[in-house]
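Enquirer: Provided herewith is a single structure, encoded as structure tokens, for subsequent inquiry.
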Amino acid sequence: MEQVKIANITQKTIRPADKTGYIEVKFRTYFNNQLTNKRREILSDWYTIVNKKDTTGKIKLSPQIKAIIHKELQEKANKVYEELTRTILLEKSDITLDEVWNEWHNERVERQLVAPKTLAGEDGRYRNHITKQIPKNSILKNIPFSLIKNLLDNLYPIGNHKRLAQGVKSDLTSIYKFAILHDYISPDQNPMPYISIGRKGLSDELDRLKKSDIEDQYLESWELKEVLSIVRKYNEQYARIFEFQALTGMRIGEVLGLKEEAIDFNKNIASVIRTRATHGGASEDSYEGNVKIYKVTEMSNYLKGLTRNS
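Residue numbers -3 to 306, in the numbering used here, belong to the letters of the sequence shown in order.
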């Protein structure tokens, strides 16, 4: 039990005792409740004490009596504080997943705790994956462990979605930690320490790849031309971007993050310095950040033409 810091103990009330030469005294103290910023008074039981006073007019107390009174008031203060804390937790106990997520996400935006690209990724995973299986209005403390585990298991075996599953788990872990730190739930209502991303999905995916021909995972040159010709009918810019990717091996975020100053047409090189989020809802001027690994791509004259035309 948490030890609450109590103030000095003083005499509260005095009344006559049945025993001659004695009086009954009730003592008081208080503590400042950090949860409500209010003072809370604590009263002792009645104590029968010899009716002798010191020079200040107060009842004289032996060290033994003082220790007993202090112990009683300290224990009462601890109990009151615990009950107040439990009451406040109960008032917040019906907080929903969406309410906690919005508080957590908005704090990260306002305090600029992470890069905009990371915020966009979190927002995309929440809208496109977490809330697809866990309703927004779910009371956080009531979300079953099995529901979160199934969410991660359903993501993990799908192609390269291991990273997505890990991202979703990280998001949920942060949300629950935020809820605990803000006293919305108690630590024992957090399921995330007991949930792991299983290995079954990985073994299934490896077995599938072993049974398939790796060459079937890539486009032949004639297949690429056919795909680009189809895309070009609908959007010429998309076709140039896809062709640039195929010829350089760049990720889509790296291509979208290319700026004119990162391309040296005299030396025929493009420097991959920045990347752009590809999540839905990301504006053209937002969600950009530096890449983790700086790369330089040598360009042919044909690639230079693609870049200039884009």
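The C-beta atom is built at its ideal place from N, Cα and C for all residues, glycine as well.
Nearest to Thr92 by CA position, among Asp119, Asn133, Asn28, is which residue?
Expert: Start at 1 with the first residue of the sequence shown, and residue 92 comes out as number 96. Per the Cα distances, Asn133.
Enquirer: Can you tell me whether DSSP reads Glu280 as helix, strand or coil?
Expert: As a first step, residue 280 must be located in the sequence shown, where it is residue number 284. At Glu280, the pLDDT of 49 sits below 50, so the modelled position is not reliable and the matter cannot be decided from this model.
Enquirer: Which residue from Ile5, Asn138, Ala116, Arg270 puts its Cα closest to that of Ser182?
Expert: As a position in the sequence shown, residue 182 is number 186, starting the count at 1. If we check each option's Cα against that of Ser182, Asn138 comes out closest.
Enquirer: Given that a residue counts as buried once 16 or more other Cβ atoms are within 10 Å of its Cβ, and exposed if not, what is Tyr122?
Expert: Here the question's residue 122 lines up with position 126 in the sequence shown. Tyr122 should be labelled buried.
Enquirer: How big is the Cα-Cα spacing for Ala278 and Asn124?
Expert: For the purposes of this step, residue 278 is taken as the residue at position 282 of the sequence shown. For the purposes of this step, residue 124 is taken as the residue at position 128 of the sequence shown. Low confidence applies to Ala278: its pLDDT is 47, below 50, so where it sits in the model is not reliable, and the reading given next is rough at best. Rounded to whole angstroms, Ala278 and Asn124 show a C-alpha spacing of 14 Å.
Enquirer: Please confirm whether Asp90 and Ile55 have their CB atoms less than 8 Å apart.
Expert: Position 94 of the sequence shown holds residue 90. Position 59 of the sequence shown holds residue 55. No, they are not a contact pair.
Enquirer: Nearest to Glu68 by alpha carbon, out of Leu80, Asp41, Leu57, Tyr77?
Expert: Residue mapping note: residue 68 aligns to position 72 of the sequence shown, counting from 1. Of the candidates Leu80, Asp41, Leu57, Tyr77, the one whose C-alpha sits nearest the C-alpha of Glu68 is Asp41.
Enquirer: Is the beta carbon of Leu254 closer than 8 Å to that of Ala266?
Expert: In the sequence shown, the residue the question calls residue 266 occupies position 270. In the sequence shown, the residue the question calls residue 254 occupies position 258. For Ala266 and Leu254, yes; Cβs fall inside 8 Å.
Enquirer: Pick out whichever of Tyr43, Lys72, Asp50 has its Cα sitting closest to the Cα of Gln60.
Expert: The residue you call residue 60 lines up with position 64 of the sequence shown. Cα-wise, what sits closest to Gln60 is Tyr43.
Enquirer: Which same chain residues, not among the five before or five after Lys49, have their C-beta less than 7 Å away from its C-beta?
Expert: Mapped onto the sequence shown, residue 49 falls at position 53. Excluding residues within five positions, the ones whose Cβ falls inside 7 Å are Ile55, Lys56.
Enquirer: For Pro189 and Arg159, I'd like the C-alpha separation in whole angstroms.
Expert: Here residue 189 corresponds to residue number 193 of the sequence shown, with the count starting at 1. Here residue 159 corresponds to residue number 163 of the sequence shown, with the count starting at 1. Answer to the nearest angstrom: the Cα atoms are 19 Å apart.
Enquirer: In chain order, what residues of the same chain have a beta carbon less than 6 Å from the beta carbon of His178, not counting five sequence neighbours either side?
Expert: As a first step, residue 178 must be located in the sequence shown, where it is residue number 182. Within the same chain, His178 has no close Cβ partners at all.
Enquirer: In the structure shown, what three-state DSSP assignment does Arg247 receive?
Expert: As a position in the sequence shown, residue 247 is number 251, starting the count at 1. Coil.
Enquirer: If you follow the alpha helix (DSSP H) that Leu39 is part of, which residue opens it and which one closes it?
Expert: In the sequence shown, residue 39 corresponds to position 43, counting from 1. Taken as a continuous stretch (DSSP letters only), Leu39 belongs to no alpha helix (DSSP H), being part of the beta strand (DSSP E) at 34 to 46.
Enquirer: Please classify Asn186 as buried or exposed, where buried requires at least 16 other C-beta atoms within 10 Å of its C-beta.
Expert: Mapped onto the sequence shown, residue 186 falls at position 190. Burial call: buried.
Enquirer: Within a Cβ cutoff of 7 Å, which residues of the same chain sit near Gln7, ignoring the five residues on either side of it in sequence?
Expert: Within the sequence shown, numbered from 1, the residue matching residue 7 stands at position 11. Only Val21, Phe23, Lys54, Ile55 meet the Cβ criterion.
Enquirer: To test your reading of the DSSP string, which unbroken alpha helix (DSSP H) runs of 4 or more residues are found completely within the stretch 128 to 186?
Expert: Segments of the alpha helix (DSSP H) lying fully in the stretch 128 to 186: 141 to 151, 158 to 177.
Enquirer: In the DSSP assignment, the beta strand (DSSP E) including Val21 goes from what residue to what residue?
Expert: Position 25 of the sequence shown holds residue 21. Segment 18 to 29, the beta strand (DSSP E) holding Val21.
Enquirer: Helix, strand or coil for Val110? Go by DSSP, reduced to three states.
Expert: Indexing the sequence shown from 1 puts residue 110 at position 114. In this structure, Val110 counts as coil in the three-state DSSP scheme.
Enquirer: Thr92 bridges to which residues according to DSSP?
Expert: On the sequence shown, position 96 is the one that residue 92 refers to. For Thr92, which the question treats as bridged, DSSP gives the partners Ile135.
Enquirer: Could you tell me whether the Cβ atoms of Ser170 and Trp100 are closer together than 8 Å?
Expert: Start at 1 with the first residue of the sequence shown, and residue 170 comes out as number 174. Start at 1 with the first residue of the sequence shown, and residue 100 comes out as number 104. Yes, they are a contact pair.
Enquirer: Quick test of your reading: Leu143 and Ile130, contact by CB under 8 Å. State the CB separation rounded to the nearest angstrom.
Expert: The count along the sequence shown starts at 1 and reaches residue 143 at position 147. The count along the sequence shown starts at 1 and reaches residue 130 at position 134. Confirmed, Cβ separation roughly 6 Å.
Enquirer: Report the residue from Ile2, Glu79, Lys229, Leu215 whose alpha carbon sits nearest the alpha carbon of Gln241.
Expert: In the sequence shown, counting from the first residue as 1, residue 241 sits at position 245. It is Leu215.
Enquirer: What are the boundary residues of the beta strand (DSSP E) that includes Arg11?
Expert: Start at 1 with the first residue of the sequence shown, and residue 11 comes out as number 15. Unbroken beta strand (DSSP E) run through Arg11: 6 to 12.
Enquirer: Where does the unbroken alpha helix (DSSP H) through Ile226 begin, and where does it stop?
Expert: In the sequence shown, the residue the question calls residue 226 occupies position 230. 217 to 230 is the span of the alpha helix (DSSP H), which, as asked, contains Ile226.
Enquirer: Can you tell me whether Phe27 is buried or exposed? The criterion is at least 16 other CB atoms within 10 Å of its CB, across all chains shown.
Expert: For the purposes of this step, residue 27 is identified with residue 31 of the sequence shown, where counting begins at 1. So Phe27 counts as buried.
Enquirer: Helix, strand or coil, according to DSSP, for Lys15 in the structure here?
Expert: What you label residue 15 is simply residue 19 of the sequence shown in a count that begins at 1. Coil at Lys15, not helix or strand.
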